Amino acid sequence: MKRQTRNSKTNFAIRGSAPAGGIVARYNAQEIEAKWQKRWETEGVFCASDDTPKPKYYLLIEFPYPSGQGLHVGHPRSYTALDVVARKRRMQGYNVLYPIGWDAFGLPTENFAIKTGEHPRVVTERNVNRFRIQLKRLGFSFDWSREVDTTDPGYYKWTQWIFLKLWERGLAYRTEMPINWCTSCNVGLANEEVVGGVCERCGGEVVRRVKSQWMLRITTYAERLLADLDTVQFLDKIKAQQSNWIGRSTGAEVDFPVRARDGAKRSMRIFTTRPDTLFGVTYMVLSPEHRLVDELLELCDNADAVREYVRAASQKSDFERTEVIKEVTGVEMKGVRVLNPATRAEVPLWIADYVLISYGTGAIMAVPGHDERDWRFARKYDLPVVEVIAGGDIEKEAFVDIDRGTLVNSGPLNGLRPDEAIVKMTDIVEREGYGKASVQYRLRDWVFSRQRYWGEPIPMVSCPSCGWVPLPENDLPLVLPEVENYRTTDTGESPLALLADWVNTTCPSCGGAAKRETDTMPQWAGSSWYFLRYIDPHNDRALASSEKLQYWTPVDWYNGGMEHTTLHLLYSRFWHKFLYDIGAVPTPEPYAKRTSHGLILGENGEKMSKSRGNVVNPDEMVDKYGADSFRLYEMFMGAFDQPIPWSTQGLNGMNRFLYRVWELLPKVAADAPEDPETTRLVHQSIRKVTEDIEAIKFNTAVAQLMTLSNKFQGLAGIRPQDFEIFVLLLAPFAPHIAEELWERSGHDSLAATAPWPAWDDAKLAVDSVTIVVQVNGKLRDSFQAPVDSPKEDLEKAAREAEKVRPHLQGKTVRKVIVVPNKLVNIVAN
RNA sequence: GCGAGAAUGGCGGAAUUGGCAGACGCGCUGGAUUUAGGAUCCAGUGGGGAGACCUGUGGGGGUUCGAGUCCCCCUUCUCGCACCA
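Put into structure tokens, the structure is as follows:
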């Protein structure tokens, strides 16, 4: 029996010793937290107002995917951080919008449905309910009245509407694209489901299957997505990732005439960032998927070998094609020659899969002397290597340095530096008419189709006479129909393809028989604009009213994980810019400021996951220690942007801290004397907590609160005004206990709506400072001196300091450095 | 390979216009109180040394009266991208 009692989940603090006098009840987190959560909710304290003279502040977190596992302790790190900011902003007089919703379409739910046969909607609803309960227990100041759900037809109506607008503007189109296909599950896989070249679930072989799919022309926005990074406050590393992903390169496109035995006029266009090396071209390369390969196939002397190479390349998975970097392969198109327009020399034409069809023009000029890949290839197939930039040793390796070297063997470019030669050659190419300056982006268009059930249906109809026809806006939302089976079909179509009644429809344009699109949208779709819906979540006439958008956009502060700082951020910026262009939103950028948090790892320092068995459940933590301790620990555990292992013992420490804070209450006394040191610490704390929250240094803000609490603990009596400031500073971090202490301090109003404390610079001033004395840079002594003492006084005092004199014995003082208010360093030998 | 970031006690981490290294917390040690302790309170806690002192921020150089902090070189780790012409 005894064992059982000891192991039962009870709040440790309840078992603490009775407080002095026994007047105040012991700290009971559960009781306090339930009480204040209820009061906040009944009074609607955290509902944002759409009609107030107050300045607005819009805080956004990445909305959660409601998985079957429920919340784990990693989720609340971001939510708590911005909750701290939200609560502080309200106290500072802002009208704060801090919303929450569900990114509920997606694979795990669908896979669960496939396994159990339960409808994804039912599963989603259950998961959302669980998440909601879990989040509410943590006391976040979300405006729950604005909750959105991407799977709600009232929501995805507008996701579909945006798609129609994109189609109208020519930004949505269809093309053949390969998908990942698991040969064992017989199902199309998302990239993240392919791990190490095999299916994540069954370990089966994954091959590429070409399918016609919807694409979004994000590349049209590449330049603006890059340039406008200058107009937003994203952490530098986030900007760097965005800019790397867009990957702008400048260079030139050059047309090379192709000579084949039929004598027809053809040319091959290439992109190069190094037009300065044009004189060093020794062969040309087409990617295996290039149009010219088909065209030239029958004109070359080794058609069989070429056909075989192209076939083999197409069989390779993406994984194979990119993984085996060291081994380059290719095949020459014998009998076909390419003319270098600059030198008039003929060079051979090769096909190699190190050239990608998806970048530039899918064809390159090979300069083995000055490009590593070309060098490797030339070595393997014994192709000539010509030096056109002196400065390296091209026998040993390609000389790719662009900052040094001199052009040689290059006619008009000889003697120039590479950077000069690039400019000059680009001019020549343009003047002579066989090329032009060009900019290329690494960014690819966005594959927008998923052959899945649990996503937004794409509102398009395929008509044999009209082609692809959009649904009229009035027909939106196109509701996801019920199906019997959630598996993709054997042909790789979405399960929707099996619903003849749904697929077969009439063409909105000509009224003839037509078929609906059966692909659905990717999970990225709903999450690309959700922050706009929070602004006006129940509007059925627009995605949000323009007045409300005018007031609330842009999001003032968006925080999320580093794992979403490329794709999600880029996609939503793209959609937002598009919406801006069609006049649907008032700002060109969605987020004014973006920060990111580090991952919370398991106690063993490894990534938290069910398979590793190191997942920590926040419910258990809250049961045991309370939401306030939990929130404090999430903020205190380490630098916000660093990954950090969880420690339940550390959380226990926060519980102890709150217990000590609670025990301060009986010491608060109206007649307590003012202690100048305490007053100074109070004002220092106001300043530090105020500034640290803005600087995302939540851990040091909490540490300052602990320091102040420790100071209070050492006093015989605490002045009420000092204690109340402490309570208000604590309120954003541990809001429940703060409300309780605020109430017990005699307030009827809420701490959540009290004004944020202001510090007084005059109170920070000190009248004496500690002066450190060094001899030859080593610390020997220290003494107190009045602020701003003259240098002479400090030097004199330093020379006479007790522990200093022995170190000066028998030495000559060469120099004395005096830093006012800080230190004296005596140099002697 | 490219890009970004990091390396400080037993652990998480503080400290950068260069000026007392280790704030704050965890853990640990000793003590008090207790029927009991994963409760609470008090004291201690980078390493070495009885001590005055010596030594110490991944490694090696440098600048400086003075370097965790600035400069050069190197090592290791984390994240993102990866044959992008």
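Counting from 115, one number per residue, gives the positions in the first sequence under our numbering.
The beta-carbon is built from N, C-alpha and C at its ideal position, and this holds for glycine as well.
Since the structure is predicted, the reported quantities are computational estimates derived from the model, not experimental observations.
TODO: State the Cα-Cα distance for the pair Glu93 and Val736, rounded to the nearest angstrom.
DONE: Outside the modelled stretch of the chain, which goes from 115 to 943, sits residue 93, for which no answer is possible.
Sort Tyr270, Glu607, Pro389 by Cα distance to Pro651 and report the nearest one. Tyr270
Open item on the list: Using a 10 Å radius around the Cβ and a threshold of 16 neighbouring Cβ atoms, would you call Glu853 buried or exposed?
Closed with: buried
For a quick check, are the C-beta atoms of Tyr212 and Phe177 less than 7 Å apart?
no
Thr364, enclosing beta strand (DSSP E) - first and last residue:
362-373
Notebook entry, point to check: How many Å lie between Tyr172 and Glu661 at the Cα?
Noted result: 15 Å
* Rounded to whole angstroms, what's the CA-CA distance from Ala658 to Ala162? Just pull it up for me. => 15 Å
Check the DSSP bridge columns for Tyr555 and list the partner residues they point to.
Arg362
| said: For a test of the three-state rule: what should DSSP assign to Ser524, helix, strand or coil? | reply: coil
| Range of the contiguous beta strand (DSSP E) that encloses Tyr672 | 671-675
For this session: Taking only the alpha-carbon atoms, compute the straight-line gap between Met635 and Leu612 and give it to the nearest angstrom.
Result: 18 Å
On the DSSP bridge list, what partners appear for Met479?
Met398
Practice prompt. Along the alpha helix (DSSP H) that carries Tyr747, what are the first and last residues, could you check?
Written response: 741-750
Quick check on Lys430: does DSSP put it in helix, strand or coil? coil
Check: On the three-state DSSP scale, how would you describe Ile137?
Finding: Confidence in Ile137 is poor, its pLDDT being 44 and thus under 50, which makes the residue's placement unreliable; the coordinate value appears in the next sentence. If DSSP states are grouped into helix, strand and coil, Ile137 belongs with coil.
Practice task
Can you have a look at Gly302 and say buried or exposed, based on whether 16 or more other CB atoms are within 10 angstroms of its CB?
Solution key: buried
**Message:** Quick check on Val624: buried or exposed, where buried means 16 or more other Cβ atoms within 10 Å of its Cβ?
**Reply:** This sequence places Cys at residue 624; Val is not what is there. Result: exposed.
Check: How far does the alpha helix (DSSP H) with Pro222 in it reach, from first residue to last?
Finding: 221-230
Using CA coordinates, which residue listed in Tyr468, Asn943, Thr867, Gly716 is at the minimum distance from Met205? Thr867
Per DSSP, the bridge partner or partners of Gln898:
Thr884
inquiry  = Restricting to Cα atoms, I'd like to know which of Gln554, Asp467, Val424, His404 is closest to Gly474.
reply    = Gln554
Could you name the residues of the same chain whose beta carbon sits closer than 8 Å to that of Gly135, not counting the 5 residues immediately before and after it, in chain order?
-> With a pLDDT of 36 at Gly135, under the threshold of 50, the modelled position of that residue is not reliable, and the figure given next carries that caveat. Result list for Gly135: Pro780, in chain order.
What does the Cβ neighbour count give for Arg687, buried or exposed, with the cut at 16 atoms within 10 Å? buried
message = Tell me the DSSP secondary structure of Asp197 in three-state form.
response = helix
Within 10 angstroms of its Cβ, does Ser608 collect 16 or more other Cβ (buried), or is it exposed? buried
At which residues does the alpha helix (DSSP H) containing Glu631 begin and terminate? Where Glu631 is concerned, there is no enclosing alpha helix (DSSP H), given that its DSSP letter is neither H nor E.
Exercise for the section: Take the Cβ of Gln429 as the centre, count every other Cβ of all protein chains shown within 10 Å, and call the residue buried at 16 or more, exposed below. Expected result: exposed
In whole angstroms, what separates the C-alpha of Arg593 from that of Thr619?
Note that residue 593 is Val in the sequence shown here, rather than Arg. Those two C-alpha atoms are separated by around 14 Å.
Just how far apart, CA to CA, sit Tyr335 and Trp359? 13 Å
query: Taking the alpha carbon of Asn454 as the point to measure from, which residue in Phe393, Gly569, Ala783 has its own alpha carbon closest?
result: Phe393
Checklist line | Nearest candidate by alpha-carbon position, reference Pro267, set Glu734, Val597, Gly569, Glu486 | finding: Gly569
Worksheet item: For the putative contact between Met539 and Pro389, defined by C-beta atoms under 8 Å, what is the C-beta separation to the nearest angstrom?
Response: 4 Å
>> Given this structure, state the Cα-to-Cα distance separating Gly226 from Glu232, to the nearest angstrom.
In response: The residue you asked about is not Gly; residue 226 is Phe in the sequence shown. About 8 Å.
_So if DSSP puts Trp464 in a beta bridge, which residue, or which two residues, is it bridged to?_
Val399, Glu446
* Where Thr273 sits in the DSSP three-state scheme -> helix
Which listed residue (Gln798, Leu819, Leu829) has its alpha carbon closest to that of Pro787
Leu829
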